[in-house]
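K.L.:
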Ligand code: NDP
Ligand code: 2IT
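In this note's numbering, the protein residues as written are -10 to 439.
(1) Using only the alpha-carbon positions, how far apart do residue 255 and residue 222 sit?
(2) Please go through the same chain and pick out, in chain order, the residues whose beta-carbon is closer than 6 Å to the beta-carbon of residue 434, but skip the five residues on each side of it.
(3) Could you pull the start and end residues of the beta strand (DSSP E) that residue 115 belongs to?
(4) Mind checking who residue 157 pairs with in its DSSP beta bridge?
(5) Looking at the unbroken alpha helix (DSSP H) that takes in residue 343, where does it start and where does it end?
(6) What residue range is occupied by the uninterrupted alpha helix (DSSP H) comprising residue 193?
(7) Kindly indicate the opening and closing residues of the beta strand (DSSP E) around residue 79.
(8) Using beta-carbon positions only, say whether residue 108 and residue 372 come within less than 8 Å of one another.
(9) What do you get for residue 53, buried or exposed, if any count of 16 or more other CB atoms within 10 angstroms of its CB means buried?
(10) What residue from 262, 187, 273 has the CA that sits closest to residue 283's CA?
(11) Can you find the residues in the same chain that come closer than 8 Å, C-beta to C-beta, to residue 240, ignoring five residues on each side of it along the sequence?
(12) Since residue 104 contacts residue 204 with CB under 8 Å, what's their CB separation in whole angstroms?
(13) Taking 8 Å as the cut-off, does the region 152 to 166 touch the region 49 to 68 (at least 3 CB pairs, one atom from each stretch)?
(14) Check the C-beta distance from residue 349 over to residue 327 and give it rounded, since I have them as a contact under 8 Å.
(15) Note down the Cα distance separating residue 50 from residue 7, rounded to an integer number of angstroms.
(16) With a threshold of 16 other CB atoms inside 10 Å of the CB of residue 84, please say whether the residue is buried or exposed.
(17) Let me know if residue 176 comes out buried or exposed under the rule of 16 or more other beta-carbons within 10 Å of its beta-carbon.
(18) To the nearest angstrom, how far is it from the Cα of residue 280 to the Cα of residue 368?
(19) Is it right to say residue 181 is buried, meaning 16 or more other beta carbons lie within 10 angstroms of its own, or is it exposed?
(20) Would you check if the distance between the CB atom of residue 0 and the CB atom of residue 11 is smaller than 8 Å?
(21) Distance check for residue 439 and residue 57, CA to CA, integer angstroms please.
(22) Going by other Cβ atoms of all chains shown within 10 Å of its Cβ, with 16 needed for buried, is residue 444 buried or exposed?
(23) Just checking, does the region 66 to 82 make contact with the region 36 to 45 on the three C-beta pairs under 8 Å criterion?
(24) Could you tell me the distance, in whole angstroms, from the CA atom of residue 342 to the CA atom of residue 164?
(25) For residue 361 and residue 98, which I take to be in contact (beta-carbon distance under 8 Å), what is that distance rounded to the nearest angstrom?
(26) Thinking C-alpha only, which one of 381, 321, 94, 13 is nearest residue 299?
(27) Just to confirm the assignment, what range does the beta strand (DSSP E) spanning residue 86 have?
(28) Just tell me which of 120, 139, 47, 126 has its CA closest to the CA of residue 113.
(29) Where do the ends of the beta strand (DSSP E) carrying residue 324 lie?
(30) Which residue wins for smallest C-alpha separation from residue 121, given the options 161, 146, 147, 67?
(31) Going by the DSSP bridge assignment, what does residue 149 pair with across the sheet?
(32) Using a threshold of 7 Å, is the CB atom of residue 155 nearer than that to any non-hydrogen atom of the ligand GTP?
(33) Less than 7 Å separating the Cβ of residue 230 from some heavy atom of the ligand NDP?
(34) Taking 7 Å as the limit between beta carbons, can you name the residues of its chain near residue 75, skipping five residues before and five after?
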């Protein structure tokens, strides 16, 4: 049977030059081999060929005027990948590296992640190659409004509900939501991650990071261990990294690193959450400034990183939380992490590790939670926001957080029991991919050829 290989070759022909998407597709499809061998109906219904093809891909021009009066042009994307389980759901990424391959890999991962939450949400993703860095508030607003002038016609509270991702936080969601409302005249739950006064959910901002730490806790408890007292490496300095660090402190662990695209902070005494929030949430400044506040912290400039990886992963610790971007953990980083005693990894970022790095973690049988399981707390809480919007309620933080904890425990349970069912009890990559796929594929079969 090599229709998996055939499907991957088919992708490279029909969608050329999309390396991140092939990487994500190959990981999922390779994990499905034992399932497909034992359950012929997925092949009979051509589920593999169907699931790798987005239902709809929207690409559009975004024109806007910068502060100097010059017309700028960016590219906008929304990939509505799979709606078998519910309305398309997934974030928008604004980053200069964004292209069709990156949005497609993110949308593909989102299908299985959303399925793992057990909630009624399909998979989608979007974004732009717009770079928010260094832009004025006025420029950000004009870009967001122009982006929404096209996107509004493709989204809605029961069709497609975007949220944030890299470069898209409360400010950008506010501008996009405002423009949607102006264009449609409707005040409705078309975005998640909204401000608390206009339909947002308590706990959404914190949910991805908190969820990644809850997932780590589940991973460790399954091995009769605990996050308390652990020294932790965290990469990134954005939404996911900040709330990963916050929850690590709440649970008695010590996060000693964070990073941005310019460099890494190593603070052996423990990262100061106040300084990090001040620099990133208030001032939108570089992490370089961190050492001006803490003379016992070290700054490692990105130009001084090892040639084969990232400085964060070369520091001795017990656990690691990649929370910046895809492929930020290389094979050499994986080797260093294992050699340095890291035995628990919970991925806040999507596809944080290269394929070779994932292989190293699985061979070593450490507690490894892949992004589509470990970072699902963000989108799960987004669905809780949708539920609150459609019932015109606002739940307490306690209620949202209790649900988040239960969802993360359930995702861990699904991954672990599925891994066991296929005789690879420590391989939660296989467990996550098969458990997520089964839910989507069964729904696709029941809904016929659409
Ligand atoms: P933010 O924009 O808030 O933060 C991103 C952080 O990562 C910043 O510190 C940024 O540094 C750094 N970073 C981004 N791209 C690169 C790069 N190419 N090289 C080095 N550093 C980089 O985004 P989020 O925290 O929301 O997202 C982080 C990750 O988590 C992403 O992979 C995202 O897909 C994933 N994720 C996010 C969810 C959410 O709810 N927000 C949910 C699930 C997953 P700098 O500011 O210098 O660019
Ligand atoms: O990757 C992700 O899961 C997100 N960026 C969050 C998606 C969402 O709809 O909350």
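Where a beta carbon is used, it is the ideal one built from N, C-alpha and C, also for glycine.
Quick caveat: nothing in here was measured; it's all calculated off a predicted structure.
P.N.:
Once the coordinates are examined:
(1) C-alpha of residue 255 to C-alpha of residue 222: approximately 9 Å in a straight line.
(2) The residues are 34.
(3) That run of the beta strand (DSSP E) goes 111 to 117.
(4) Beta-bridge pairing links residue 157 to 154.
(5) That residue, residue 343, is in no alpha helix (DSSP H); it is neither H nor E in DSSP.
(6) Run containing residue 193: 193 to 210, per the alpha helix (DSSP H) assignment.
(7) Where residue 79 is concerned, the enclosing beta strand (DSSP E) starts and stops at 77 to 83.
(8) Going by C-beta atoms, residue 108 is nearer than 8 Å to residue 372.
(9) When all chains shown are included, residue 53 counts as buried.
(10) Ranked by how close their Cα comes to the Cα of residue 283, the residues 262, 187, 273 have 262 in first place.
(11) Answer for residue 240: 202, 206, 216, 217, listed in chain order.
(12) Rounded, the Cβ-Cβ distance is 16 Å, inconsistent with contact.
(13) No, the region 49 to 68 is not in contact with the region 152 to 166.
(14) Contact check for residue 349 and residue 327: beta-carbon distance about 7 Å, within the 8 Å limit, so the pair qualifies.
(15) Their backbone Cα atoms lie some 20 Å apart in a straight line.
(16) With 16 or more other Cβ atoms within 10 Å, it is buried.
(17) That one is exposed.
(18) Residue 280 and residue 368: Cα-Cα distance of roughly 34 Å.
(19) A residue is called buried once 16 or more other Cβ atoms fall within 10 Å of its Cβ, and residue 181 is buried on that count.
(20) Against a cut-off of 8 Å, the Cβ pair of residue 11 and residue 0 comes out as a contact.
(21) Spanning the two alpha carbons is a distance of roughly 48 Å.
(22) In the structure as shown, the chain begins at -10 and stops at 439. Residue 444 is therefore absent and cannot be evaluated.
(23) With the cut-off at 8 Å, the region 66 to 82 and the region 36 to 45 touch.
(24) As the crow flies, the alpha-carbon of residue 342 is around 33 Å from that of residue 164.
(25) Correct: roughly 5 Å between the Cβ atoms.
(26) 321 is the residue among 381, 321, 94, 13 whose C-alpha sits nearest the C-alpha of residue 299.
(27) Following the DSSP letters along the chain, one finds residue 86 in no beta strand (DSSP E), marked with neither H nor E.
(28) The shortest Cα separation from residue 113 among 120, 139, 47, 126 belongs to 47.
(29) Annotation: residue 324 is outside any beta strand (DSSP E); the continuous alpha helix (DSSP H) that includes it extends over 320 to 328.
(30) Of the listed residues, the one whose Cα sits closest to residue 121 is 161.
(31) The secondary-structure analysis by DSSP pairs residue 149 across a beta bridge with 77, 145.
(32) Within the structure as shown, the ligand GTP is missing, the only ligands being the ligand NDP and the ligand 2IT.
(33) Result yes, Cβ under 7 Å from the ligand NDP.
(34) These residues qualify, in order along the chain: 109, 110, 111.
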